[in-house]
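Visitor: One structure is given below, represented as structure tokens, and several questions about it will come after.
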Amino acid sequence: MKAIQVTQFGGPEKLVFTDVEEIAAGKGEVCVRLYAAGVNPSDTYTLTGTYAFSIPELPYTPGLDGAGIVEAIGEEVTNVRVGDRVFIASLMGGKTTGTFAQKVVCDATSVHPLPEKVSFEQGAALGVPALTAYRALFQRACLKPGQTLLIHGASGGVGLQAVQMAKAHGAIVIGTASKHEGKKLVQEAGADFVIDHVTEATIEEVLALMGGKGPDVIIEFLANKNLETDLKLIAPFGKIVIIGNRGSIEINPRLAMQKECDILATALWNAPQDEYEQSIYGVTGMLTSGALRPVIGTTLPLQQVSKGFEQIEKGIGNGKLVLTID
1 MKAIQVTQFG
11 GPEKLVFTDV
21 EEIAAGKGEV
31 CVRLYAAGVN
41 PSDTYTLTGT
51 YAFSIPELPY
61 TPGLDGAGIV
71 EAIGEEVTNV
81 RVGDRVFIAS
91 LMGGKTTGTF
101 AQKVVCDATS
111 VHPLPEKVSF
121 EQGAALGVPA
131 LTAYRALFQR
141 ACLKPGQTLL
151 IHGASGGVGL
161 QAVQMAKAHG
171 AIVIGTASKH
181 EGKKLVQEAG
191 ADFVIDHVTE
201 ATIEEVLALM
211 GGKGPDVIIE
221 FLANKNLETD
231 LKLIAPFGKI
241 VIIGNRGSIE
251 INPRLAMQKE
261 CDILATALWN
271 APQDEYEQSI
281 YGVTGMLTSG
291 ALRPVIGTTL
301 PLQQVSKGFE
311 QIEKGIGNGK
321 LVLTID
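Numbering (my numbering), first residue to last: 1 to 326.
Below you can see the structure in the form of structure tokens.
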């Protein structure tokens, strides 16, 4: 079968489209014929061989998220049947052969039903993005209906799903983006207000949108740049949840003391098994009801995965980057 194989750590040039051996499902495992795979920033970190959460043995096939049709099941698998449409979320340390391939074998617990109305591309956009958004909003921030939420960088794969989830939960959502195309996607996702990224100079303008009171919750995708601004903006006793960070920042802790706010963080790989399972139920429930509709930004054929990695590293594009698989 065709797959992306990595034999050396490094940059996107190490992603090789090649023939690999066929795979088969063992006990407690499922083999899925994939038609789409999601590309996450963590995939680019893993490729370097320096990512603290994941250093795979070489050679390996990247990819944690995907969608397709169940081709075979191993003994003791009861949650899916051959022919089922499914999405893959292989996040909890179980066996997986990687989703950047025509087929994947993974633990049955990583395979979940995909409603007919949801495309394979949208199914591949779940996994890491959807579970990250759910965990940040409901397990870390404990977002409540009626609260005001600011998503600082809402036009990406995680941010857009966070907008949809928060609106379905009854929150008032403010989303930021830097470009017209991104702002349009955030608006279409359901945000109540869509604005430029908040800076020191625009804090008062943002507060005016909320009657002078800061947001109860801030979801932050670039903490090394925005955290001090977030501390000045957050409401008293509010919560800032860090999802993304690309460096260091110096802040004044007195800002946090003045607000008695919480600075939280989330890394999906830290989720306890029970919270992971709760996230899956929450995500699939919203998916089935139609409240969650993953937004696809760019699609590329599997053969062009290195181009996708380059786009992610440069921060290019809105919505979710998905690979299509013949």
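Beta carbons are placed, not taken as given, at the ideal position from N, Cα and C, and that holds for glycine.
What is the rounded straight-line gap between the Cα of glycine 66 and the Cα of methionine 286?
Guide: The count along the sequence shown starts at 1 and reaches residue 66 at position 66. The count along the sequence shown starts at 1 and reaches residue 286 at position 286. The alpha-carbon atoms of glycine 66 and methionine 286 are separated by roughly 18 Å.
Visitor: Looking at C-alpha atoms only, which residue of Val20, Gly211, Asn252, Ile249 is the closest neighbour of alanine 235?
Guide: Indexing the sequence shown from 1 puts residue 235 at position 235. Comparing Cα positions, the closest option is Gly211.
Visitor: Please specify which runs of the alpha helix (DSSP H), each continuous and at least 4 residues long, are wholly inside the segment 54-131, giving them in chain order.
Guide: Correct list: 120-124.
Visitor: Are there 16 or more other CB atoms within 10 angstroms of the CB of valine 32, so buried, or fewer, so exposed?
Guide: Counted from its first residue, the sequence shown places residue 32 at position 32. Flag for valine 32 reads buried.
Visitor: Taking 8 Å as the threshold, find out whether the segment 84-92 comes into contact with the segment 102-118 through three or more Cβ pairs.
Guide: Because the criterion of three Cβ pairs below 8 Å is met, the segment 84-92 and the segment 102-118 touch.
Visitor: Could you tell me which residues DSSP pairs with cysteine 31 in its beta bridges?
Guide: Reading the sequence shown from its first residue, position 31 is the one you call residue 31. BP columns for cysteine 31 point to Ala72, Val105.
Visitor: Going by other Cβ atoms of all chains shown within 10 Å of its Cβ, with 16 needed for buried, is threonine 7 buried or exposed?
Guide: Residue numbering aside, residue 7 sits at position 7 when the sequence shown is read from its first letter. Counting Cβ neighbours within 10 Å, threonine 7 comes out exposed, since fewer than 16 surround it.
Visitor: Excluding the 5 residues flanking leucine 143 on each side, which residues of the same chain have their C-beta closer than 7 Å to its C-beta?
Guide: By 1-based counting over the sequence shown, the position of residue 143 is 143. Once the five neighbours on either side are set aside, the close Cβ partners of leucine 143 are Leu137, Leu149, Ala166, His169, Ala171, Val217.
Visitor: When you compare each of Thr61, Tyr45, Thr50, Gly26 to isoleucine 73 by their alpha carbons, which one comes out closest?
Guide: Position 73 of the sequence shown holds residue 73. Per the Cα distances, Gly26.
Visitor: Phenylalanine 309 to glutamine 147, Cα distance in whole Å?
Guide: For the purposes of this step, residue 309 is identified with residue 309 of the sequence shown, where counting begins at 1. For the purposes of this step, residue 147 is identified with residue 147 of the sequence shown, where counting begins at 1. Answer to the nearest angstrom: the Cα atoms are 36 Å apart.
Visitor: Quick one: residues in its chain with C-beta nearer than 8 Å to the C-beta of glycine 28, no 5 flanking neighbours on either side, listed in chain order?
Guide: For the purposes of this step, residue 28 is taken as the residue at position 28 of the sequence shown. Result list for glycine 28: Gly74, Glu75, Glu76, Val77, Asp107, Ala108, in chain order.
Visitor: List the whole-angstrom C-beta distance separating valine 295 from glycine 317, where the pair is believed to meet the contact cut-off of C-beta under 8 Å.
Guide: Counting from 1 along the sequence shown, the entry for residue 295 is found at position 295. Counting from 1 along the sequence shown, the entry for residue 317 is found at position 317. Not a contact, Cβ separation roughly 11 Å.
Visitor: What residues in its chain sit with their C-beta under 8 Å from that of glutamate 57, if we drop five residues either side in the sequence?
Guide: Counting from one through the sequence shown, the residue named residue 57 turns up at place 57. Here the set comprises nothing.
Visitor: Write down every uninterrupted run of the beta strand (DSSP E) in the segment 262-302 whose length is 3 residues or greater and which is fully enclosed by it, in chain order.
Guide: Correct list: 262-265, 296-301.
Visitor: Only counting the same chain, and skipping five residues up and downstream in sequence, which positions put a Cβ closer than 6 Å to that of phenylalanine 237?
Guide: Numbered from 1 along the sequence shown, position 237 holds the residue referred to as residue 237. Same-chain partners within the cutoff: Glu260.
Visitor: Could you give the residue range of the beta strand (DSSP E) that holds isoleucine 219?
Guide: As a working note, residue 219 is residue 219 in the sequence shown. Segment 217-220, the beta strand (DSSP E) holding isoleucine 219.
Visitor: Just the C-alpha distance for glutamine 304 and arginine 254, rounded to the nearest angstrom, thanks.
Guide: Translated into the one-based positions of the sequence shown, residue 304 becomes position 304. Translated into the one-based positions of the sequence shown, residue 254 becomes position 254. When rounded, the distance between both Cα atoms is 48 Å.
Visitor: Spatial neighbours of glutamine 187 within its chain, please: C-beta separation below 6 Å, excluding the five flanking residues on both sides.
Guide: To locate residue 187, count along the sequence shown from 1; it is residue 187. The answer, listed in chain order, is Val194.
Visitor: Quick one: what does DSSP say leucine 323 is sitting in, helix, strand or coil?
Guide: Locating residue 323 in the sequence shown gives position 323, where the first residue counts as 1. Three-state DSSP puts leucine 323 in a strand.
Visitor: Strictly by DSSP, which residues pair up with valine 194?
Guide: As a working mapping, residue 194 is identified with position 194 in the sequence shown. Partner(s): Gly175.
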